[in-house]
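Working notes for the structure below.
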Amino acid sequence: MRRTLPFLAALLLACGPDNVTADGGSAGSTSIEPTTSDSSSTSPSTGSSGHADESTDDPGVAFIGPVDLGPGEECDVFVQNCPPGFKCNPYSANGSGVWDAAGCFPVVEDPAAPGEPCTVEGGASSGIDTCELGSMCWDVDPKTNEGECIRMCTGDVHSRTCDAPDEYCHFLNDTPVYVCIPICHPLLDECDEGLGCYPHEYFGVPHSECIPDASGPDMGAPGDPCELVNECDPGAFCAVAEAVPECMDAIGCCSSYCSVGDDAPCLPGQVCQPQSEPEDTLPIYEGLGTCVLP
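In the working numbering, the protein residues as written are 1053 to 1346.
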């Protein structure tokens, strides 16, 4: 029997075109209402809409296609097998705004590195951006065509990975998009001021990311009521009411993360249990637990 985790609802953080799914998730959601789920995780929702590509049918926009590698040939985003001065980027070959192919596009002079601001030409899925080889412009604002460079995964389609231990390889189903998303550990103070390390399962594997801390000065401690994943203090999460003692008349209540075998951070009556099944646990989260009622 698989353990059902105590999170309230799946966290949605969309980053790509609205009609692309990622490991079973649907991008582009803007819902922030809590939901219930029978999946292995049920953390509360906070959503941000994905930035879909702007249409390239506008006669005022000159669309530049990728370099032709030959009949039936498509570059490999893992191998980066484009000619010198070009890089293999995902793009929308049919102009729909959905990444459906990979092509060779010029690398600009003085390109931006991962984590630095970038711009795209013609829209988020045009394939043309100001990022360096092996990275692409991500989370693009369709109004400004500005985003942030993100590193692409290494390896191959069957064995994808990220070189940095604090990154996780996310991929969008049926697309050539494989990008390394920074992850954090809820028991370590790794996030910038104003952010907290909160659970996120949009891409199918339990992990945590730094997102804004919405707990406020007077709420968010273990035992306090909550509805959204980031309404608890950093180091805590929004659990289903049944997992927290005396959590009544609330959708959920905050509860602490813990190290498996150490019940000290837990409220009276709670125990520290592994947050996920071993086969679903990333190495960085081995030994991480959540305080729940047995």
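Note that CB positions come from ideal geometry on N, CA and C, so glycine has one too.
A distance below 6 Å between beta-carbons, with the five flanking residues on each side excluded, links Phe-1223 to the following residues of its chain, in chain order: Tyr-1230. When only Cα atoms are considered, Glu-1126 and Ala-1153 end up about 8 Å apart.
In this structure Asp-1265 is buried. Its beta-carbon is surrounded by 16 or more other beta-carbon atoms within 10 angstroms. Burial check for Lys-1195: the Cβ neighbour count within 10 Å stays below 16, so the residue is exposed. Spanning the alpha carbons of Cys-1183 and Glu-1298 requires a straight line of approximately 51 Å. The distance from the Cβ of Pro-1346 to that of Val-1312 is about 14 Å, inconsistent with a contact at the 8 Å cut-off. Ranked by Cα distance from Ser-1211, the options Val-1131, Val-1292, Leu-1185, Pro-1169 are led by Val-1131. Counting only residues of its own chain and dropping the five nearest sequence neighbours on each side, Arg-1203 has a CB closer than 6 Å to the CB of Pro-1166, Ser-1187, Cys-1232. For Tyr-1250, the enclosing beta strand (DSSP E) stretches over residues 1247-1252. DSSP links Asp-1193 through a beta bridge to Glu-1198.
Contact annotation, Val-1344 with Ala-1291: C-beta distance approximately 7 Å; criterion of less than 8 Å satisfied. Per DSSP, reduced to three states, the secondary structure at Ala-1273 is coil, with no helix or strand assignment. Beyond the five residues adjoining it in sequence on each side, Leu-1340 comes within less than 6 Å, by CB distance, of Gln-1327 in the same chain, given in chain order. DSSP, reduced to helix, strand and coil, places Ile-1233 within a strand of the structure shown.
Judged by DSSP secondary structure, Phe-1138 falls within the beta strand (DSSP E) whose first and last residues are 1138-1143.
Judged by DSSP secondary structure, Asp-1208 falls within the beta strand (DSSP E) whose first and last residues are 1206-1208. When the Cα atoms are used, Asp-1128 and Ala-1295 turn out to be separated by approximately 46 Å.
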